[in-house]
Each structure stands twice: as structure tokens, then as C-alpha cells.
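In the working numbering, the protein residues as written are 1 to 1028.
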């Protein structure tokens, strides 16, 4: 008979509890957890049998010996008691995701655990030098000392012992995870150590370990590897050929490694490879091979590499592919027809390439603007796109933008020497026959727009001789992109009158000194983003007082001498660069007129200086995805600042949420996701009446459900996931806190408990009537410069079908509920489905009778026909549920069904004059409801009105008063657009803008499967059309 393990309380109870961390580990609470909630140590009571009653403890034999101890994710803090190392029978020890202090542990303590086969101390608070005792655990099969998560603020090093010493005696090791450990070893050292000491490794993860290259040839002996992660190390090497021989490889992640040369094509064809990530290696080249049937690849990421060529027809054989990211490469050609075979795709990004894809096609073979170009007619009066002046009339402007024109450019174009404005944007032209000096004949040209026109090769030298140029746009913001190559010519600095220069999203390379633009004293807008340029800045160099500067993704490390905007700036985008400094303490002195400022996706450290609050006109501040620390300055949310968007996502900010939200708060989006914030949600946040997006996920906030946020009538997105929220989810019954506009709510992985009250769901009107409540907005976004099309697009992370997805834009018709990983109990609330006053057509699907949870159903005033299904809940629905549908029959309507009942309707159940239908498929999507699990349903509606939501008229009235010195900016920014991750998604069908006499077709990079057809939406392409 076992004896009670009373001594165990001495071993573990000295640990005190701290905070929750590390999803998806179970939530752990103090020793006195709330009722109904589980804590691993809740069952650890003196006088009880530790082997039978203590959670996390596994015993074997008689008398019982402890062979496994799993306290992962228990939020334990404090010192480790020496008695732990007396458990010499332990074979498995897992203390991951805690807040332990190993300072009192002797370096050789671990070697007492001589039977240990599995040791997991990841994210446990383990810091400093890795103990030498671990290197003597000869029976180890799995070792995890990594620090991959937000839980870990500690750092581990491997110096004494170093990596060769640590693994020298661990010949049985099959899994080695050292992510985030500072190894600081050269390729020969770490490669030979691994191949010699642990040749039978199956899983190896050494990301962010300060490793250098090259990958030693001895590494080829590790042919049993199934998982290999070396990302975010400065390997600076070619990818070795022998990786193509690793036939067991399932995952290969080598992103951000400084790889160069050409990728061995055999790697793509490894028989078991599921994940291949080579992104963020700009000097790595290659092309996609033919994919034979049977390839099991699920994730392919080649973004920001030098890959080129076309997509092979055999890409359709990748039938398991879920993620395809090829942005910012050099791919060309059209998408193969087999692309529609990729039915499992969840995430696709093909932007910033040279794909020859264009959704606009001329009607009847005639380009819309050119249908009026007829011989014998007056070109100045009758030809669309032509503007003339003077007597005799001379052509001074030619606008053929968005005309779907293809083919060569006729040399006669350059004989129009009176031209002052030439716009050929958004076409598919071939400039091969255009001589480099042809453009210099257009000596009067002031505005030249060749964006998205098919312009390729080097920037013609003739353009730099157009001394009268005021605006030059050679950008390629869409899939129908330009392919400008080579370096930026120095002669461009001679264009003294230039005010606007846009070269974004091409393939320009080489080094550019920002001092090159120092002579352009009139320059107001400069966009060099998304090229292969390395932009450098001399702190002593003069720089013009530019109003709009976009150098995103330009390899910037210094902008004299830190990320400080130029004087008189209005919009500055420093995102996706390599700033590794801190934000200057006096940055506020350069934000006096700033409206948009982004330094996201850099490596900034330190705190957020309070001087940033001096930017009284600042509307968008994006400091996300850095390593900023310290508290959030309270002045950022106080009344004196004009902020509409504050994005501090994915930093290391700590402390509590500011409590300085005041009446008149103008915030529209507040994103604090992925920090280390604690405390409660301040009720003063309810003062932000315009708030649409609030994301507090993945922090350490401890509070009850903030029901009072329900009075924010514009709130669309509420993210509270992975915190320490507790108690029931409820709202008062006075009707003031209804969350009526809420379309996405994520409260997963908290401590919420109790039942799910039906009144909560009934108040979420936008979940069931998205088409009516969405209004004129199609995307949750903020237009931060009125009279322009400059948008900031919100992002949010949701869980769909078990995958965590970051939506780079949020459609107003997208809905999502995630209640998973809590402690809810009871029944699912009875559901009410109201589809009245739509244009639903066809018959009512008989399968609806099996939805037993439906308590009410309203299908009134639609275009439904046929018999009303009988059975189930349908027998309880009254006549009012079906009235207003002339083609319906059945006992509920007291209308018997005869053959004549459906006369006048076609086989598809549609009235002969019906032009727009809704699909029952999307109704069933909305009914896929499961309590306590992630509920993500996307009624992405495909009818005409839904498509037109994507294209809204731009507000033509000035709604914000800016300093008079900035008003000139509006003339220069009419068609510009800036966003957090990619452009504002709109429909491929164009919308006429009467005030501007333009049609705009802003395409996205989204795949949409419609039966046997696939719709491919591109991004950022402005078009001027008269008709489609």
C-alpha cells in the first residue's frame, strides 16, 4: 500500500504563483482557484496519495516512484527547491512556461537525475549560463531549453559549457530545441558538433542563436532530420546541395538568414516536406520546379527573395497547400489554369511581382477609352482622354489610364511635343521599342504617370532630362506591376521642379544616398518603398523639407542618426527596415505637423518618449512589431492629442493600461496585442465613443468581463484572448450595453466561466444583419487624410479551422466568435435566425429542418419558391415566418402546393426577371455554431451590392482643419494610399467617381473559388474608364 507523500509539499509549495502565459497551455490559478476551475496544484494536499491524487505527477512500481513531473504552464514563480533533484527515478521533467528562479540551483544539480530522458525548461525563467550538469544526462532523448514565447524575458548562453561540450555525451538525443539561446558559434563549430555527437537527431531548432555560416559539410550526416529550424541567424551562405538528400524532412525554416546563391531545386521535391520557409533572404535566387503528384507541401513562403520565373502548371499538384507567400519576388507570367486545384489555400500573397494578370478586359475587343477614337473625327473634341489647347489646337494632355491596352508604344507618341501631362498607368504596354532618349523629346512635360503600365528595364535617361517635370510616378503597387531594374540614376537630382517622385514596388537595386534628393528643394512626396534598394543616410547631409516620405522595406539602418522624421513632414513611413536604436527622446520636435508616423517592424528598443505627444496633429502612430519596453505614456490617450489609430502591437511594453482616456477621445483603433500589460481595463476607455477596434489579446490583464464596452456603438472588433479575464460573460438587461456593431469577438484562453446568456448574443445585431449594418464601409479602416485616398487598414488575429490567421484587412461583412479555452458550462443558447427582407431565391433547403437549436426563423419578403419543408422545428414556425414569398406553398401559409405554384420560375428557382441572388451556402456557414469552440464564419457575400461596397465615393469635403502650409499636400496625394500591411481591398469591379471623373479599381491579392472557377483579385491599380 502506498504511503502518503507528505514531503512533496516541501518540494513544490515553496513556489508562489505569478501570472498566466504561453497559450495553449492550460490556465493555472493560485492555490485557491475560483470555484469550478482547475489548477495543477489544487489537488496537492498533505496526507493524500501523490501518485493517485496529485495532478501532473506520474508514478510507477511498488512502492510508487515518481517517473514524470509535468507542471508546464502553471504560472509558478520563485526558487527551485533542491529536493527536486532527489527524485532520481524521474524520466520526464517539464517545468516550461513558468516564472522560476534557478539561481539557487547548483551547476551540477541536474546530473543527479540520471534516468532523465525528457527535459523541458523552455520559457521557465531559466537564464544565464546553461548548467554543465545537463551535459551529463546521457539518457536524454529530448532537450528543450528554448525561449520562443512572450513568457520569456530571460536569456540563456552557451559559453562554458559551449555547444560541443553540452551535447558531447548526449548520443541518444533525438530532439534539441535551443531557440533564443546565445550560442555565438561559427558554421564549422556548431555543424561538426551536431553531426559528431548527435548524428541521429530528428528535430533541431536553433533559431535566433547568433549562429554564423557557412553550413558545414559535416551537417550532411544528419539525414534523419525531420524538423530543421535555423531562421533568424546570420548564416550568410548558400543553401547546401545535401539538404536535398534529407528525405525525412517535414519542416525547413531558413528565413532571415542572409542566404545567397541559387536554391537547389530538389528541396522542393522532398517527399515528406510540409513546410518550406525561405522568406526574407533578398539575395537567394531560384525558380519553382515541376511538382510531381503526391507532394505534401502545405506551407510555402518565398517572400522577399530573388526568386523569378513563372508558376509551373504542375503547381496544381500541391493539393494540400494552405499557405503560399510569394510577395516581393520577381515572378512573372500568368497564373496557370491548374491554380484552381489548390482548394485548401487559406493564405495567399502574390503581390509586388510581375504577374501578367489583369481583371479588366475590353468589351467586344475595344478598350473603353478608345471606342471614340475614329478616323475622320476631331480628336480634340471627340476622342476620350485627349485634351487640347490653342489655335491651331495642340494636344497638351493624354490620359489613357486603365484602358487595358497592350502591345508596343508607337514612336509617334513622342512627337506630341506640346504634351504637359501623360498618363498611361494601369495598362499592359511594351516599352521595348522605346529608345532610352525618346522621352526627352517631350520637353514641356510636367506630369508623367507610367505606374502599373508594364514599364520595365532601367529608368530611361531621357526622363531625367525633362527639366519641367513636377510629378513622376513609375510605381508598381499591384500585380500588374512594372519591372524597373538597375540603380536609381544620379541624374534624377537635376529635376529641380520635381514635387512628387514615386518609384515604389519595382525591382530597383543598389545603394541610394538620401543626400541625392538634397538638391530637390521643391520635393514634397518621395516614395521609394518596396524595392531592393539599400537606402543610406549621411547625418551631415542636407535633406529637403519633405511632407510625405515612404521608405518602407528599404534596408534603412540610420536616418540621421535615428528614426527621426524630416522637418515639416506630414506622413512618414519607416516600417520594415533595420532600425536598431531607440526612439529619440526629443522626437516630438519633428512631429509638429505630422499626421501619420510608422516605424513598425524594426528592432527598436527602449521606451516610448513622452515627447511624441507633442504631435498634436498626429492621427496614426504605428510602433508595432519592435522590442519597445516600459509603460505606455498616458499622454498618448489624453484629450490634448489627436490620435485616431494607436498600434503598439507585439512589443514588450509593461505596466498597466493608461487611465487617462478623457471625454472627447477620438481613438478609432487601439491595438496593444502581444505585450506584457497587467492590471484591469480602465472604465475611462468608454469615453472613446468612436472606437471600432480594440485588441488587448496576449497580455496579462486580470479583470472581469468589461461589459461596459457595450455602450460603444461603433465597436466592431473586441480581442481579449490569452489574458487572465475571469468570471461570467454578461451584460446588464437595461439595453445600454448591447455591442450592437460587434462583428469579431475573441475572448478565448481566459478564465471566463458560467453559462452563455442568450441576451448577449441577441444584442450582437451585426453578427446576423451584417449587410444592413455595414453601411457604406466595406473594410474596417481609417482615412487619415481627408480629400485623399490615404487609408490605414486595421489588422486582427483570429482562429479559423484550427489555424491562427492574421487578417491584414477586416471586411465589414466578416464575422467571428471565439469563446474557446474557457470554463463555460450549460447549454448553447437557443438560436434565432432572421433573414427577412433580403433577396434569397430558390427553394428552402430541406436540411434546415434538422437544425434543432433554432427557436425562431424568419424568411419573410424574399423570393423563395416551392414547398416549405415539414418536420422538426419548422412545424412550430408561424405564418409570419414565410409571408411575402409569392412562390412558397405549404400548410403554414394555408396555400396548397400544386404544379402551378412554381410557374414563372426557372429551374434554378429564380424569377425570370431576377438579377441578383443570395446563396444558401452562406446561410449554412452562419449556422455552423459550436459552443465553447472557435466560431469563425465568413459570409463573404458575392452579390452585386456586396461587390460595390468595396468601392465607395471619397469624401470631397475637408473635415479636418490643418495648418495652411499643408493644404498643398492634398493636390499631391489624390491617389496615394498607405496601410499597415497591404492596400485597402476593394472590388475588381470599378466604381465611378463623378467628382474626379475617374474609375478606380483597387485589387487585392485574394483568391475566391466559385464552383469550378477561381477569381484572383489584385491590388493597388488605379484606372480611368468610361465604361466596362
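Every residue gets a Cβ at the ideal spot worked out from N, C-alpha and C, and that includes glycine.
| Check | Outcome |
| --- | --- |
| Nearest-angstrom Cα distance between residue 473 and residue 443? | 17 angstroms |
| Please determine, among 384, 485, 551, 754, the residue with the shortest C-alpha to C-alpha distance to residue 825. | 754 |
| If we call anything under 8 angstroms between Cβ atoms a contact, is residue 506 one with residue 531? | yes |
| In whole angstroms, what is the alpha-carbon distance linking residue 419 and residue 289? | 47 angstroms |
| Ordered along the chain, which non-local residues of its own chain (more than five positions away) have a Cβ less than 8 angstroms from that of residue 504? | 475, 476, 477, 527, 528, 529, 530, 531, 550 |
| Quickly, what does DSSP pair residue 571 with across the bridge? List them, please. | 548, 596 |
| May I ask you to report which of helix, strand or coil DSSP gives residue 70? | strand |
| Do you know whose CA, among 554, 380, 591, lies nearest residue 566's CA? | 591 |
| Keeping to the same chain, check which residues put their C-beta closer than 7 angstroms to that of residue 112; ignore five residues upstream and five downstream. | 85, 88 |
| Could you say which of 145, 234, 155 lies nearest to residue 178 if we only look at CA atoms? | 145 |
| Using the C-alpha atoms, what's the distance from residue 548 back to residue 502? | 11 angstroms |
| Where does residue 283 fall in DSSP's three states? | strand |
| Exposed or buried, which one is residue 454 when buried takes at least 16 other CB atoms within 10 Å? | buried |
| Decide if residue 875 is buried, meaning its Cβ has at least 16 other Cβ atoms within 10 Å, or exposed. | exposed |
| Three or more C-beta pairs closer than 8 angstroms, one from the region 211–230 and one from the region 247–256: is that the case here? | yes |
| Return the chain-ordered ranges of every beta strand (DSSP E) run that is complete within the region 470–530 and spans a minimum of 3 residues. | 471–473, 500–502, 509–513, 525–527 |
| So, under 8 angstroms CB-CB, residue 671 and residue 700 are touching, yes? Tell me the CB distance rounded to an integer number of Å. | At roughly 17 angstroms, the Cβ-Cβ gap does not stay under 8 angstroms, so residue 671 and residue 700 are not in contact. |
| Which same chain residues, not among the five before or five after residue 644, have their C-beta less than 6 angstroms away from its C-beta? | 619, 666, 668, 782 |
| Within the continuous beta strand (DSSP E) that includes residue 76, where are the two ends? | 76–79 |
| Label residue 491 either buried or exposed according to how many other C-beta atoms from any shown protein chain fall within 10 Å of its C-beta, with 16 as the threshold for buried. | exposed |
| Mind checking who residue 156 pairs with in its DSSP beta bridge? | 128 |
| Which term fits residue 647, buried or exposed, when burial requires 16 or more other beta carbons within 10 angstroms of its beta carbon? | buried |
| Along the chain, which unbroken stretches of the beta strand (DSSP E) at least 3 residues long are found entirely within the region 689–721? | 693–695, 717–719 |
| Please go through the region 182–253 and give each complete alpha helix (DSSP H) segment of 4 or more residues, from N-terminal end onward. | 187–197 |
| Under 8 angstroms Cβ to Cβ from residue 187, same chain only, skipping five residues before and after it: list those, please. | 211, 212, 213, 214, 215, 216, 235, 237 |
| DSSP state of residue 276, grouped into three classes? | strand |
| Quick check on DSSP: helix, strand or coil for residue 359? | Residue confidence is low: residue 359 scores 37 on pLDDT, short of 50, so the model does not pin down where it sits. Its coordinate-derived value is still stated next. Residue state, collapsed to three classes: coil. |
| Along the alpha helix (DSSP H) that carries residue 305, what are the first and last residues, could you check? | No alpha helix (DSSP H) holds residue 305; the beta strand (DSSP E) holding it covers 305–309. |
| Shortest alpha-carbon distance to residue 276 belongs to which of 299, 134, 261, 798? | 299 |
| Once DSSP output is grouped into helix, strand and coil, what is the label at residue 441? | helix |
| Among 233, 396, 294, 347, which has the Cα closest to the Cα of residue 258? | 233 |
| When the Cα atoms are used, what is the spatial distance from residue 682 to residue 657? | 7 angstroms |
| In angstroms with no decimal places, state the Cα-to-Cα distance between residue 589 and residue 690. | 28 angstroms |
| How close, in whole Å, do the beta carbons of residue 143 and residue 163 come, if the pair is a contact with beta carbons under 8 angstroms? | Residue 143 to residue 163, Cβ: 12 angstroms. No contact. |
| Hey, could you find the ends of the alpha helix (DSSP H) residue 448 is sitting in? | First-last for residue 448: 447–449, but that is the beta strand (DSSP E), not the alpha helix (DSSP H). |
| Can you tell me the Cα-Cα spacing of residue 586 and residue 642, whole angstroms? | 19 angstroms |
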